[in-house]
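K.L.:
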Amino acid sequence: MEKPWFKSKTIIGAILMFIALIFSFFGVTISPEEQAGMADLIVQVAEGIAGLVGFILAIYGRIKANTFIK
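Our numbering runs 266 ahead of the 1-based position in the sequence shown.
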């Protein structure tokens, strides 16, 4: 079973690690614990947005449908 890239904590973690590296050049430090928390939050937000988009598309599709539901 495959999952979208935005649900991969490995990918999100790598992106956050890169961002933390960039921030460190400017004197801002992000601990590994904070990075892990942000990764969880990003995955949850992405899942929420995907669910909302799916809901909106389902409602839009039903409104634009040419046949009625019996």
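Beta carbons are placed, not taken as given, at the ideal position from N, Cα and C, and that holds for glycine.
(1) With a threshold of 16 other CB atoms inside 10 Å of the CB of A305, please say whether the residue is buried or exposed.
(2) Is there contact here, the region 279–291 with the region 319–334, by at least three beta-carbon pairs under 8 Å?
(3) If you draw a straight line from the alpha carbon of K336 to that of S274, how long is it in whole angstroms?
(4) Using the C-alpha atoms, what's the distance from Y326 back to I296?
(5) Output needed for I277: all residues of its chain with C-beta closer than 7 Å, excluding positions within five of it in sequence on either side, in chain order.
P.N.:
Quick answer:
(1) So A305 counts as buried.
(2) no
(3) 40 Å
(4) 41 Å
(5) Counting only Cβ-Cβ distances below 7 Å, and skipping sequence neighbours, we find W271.
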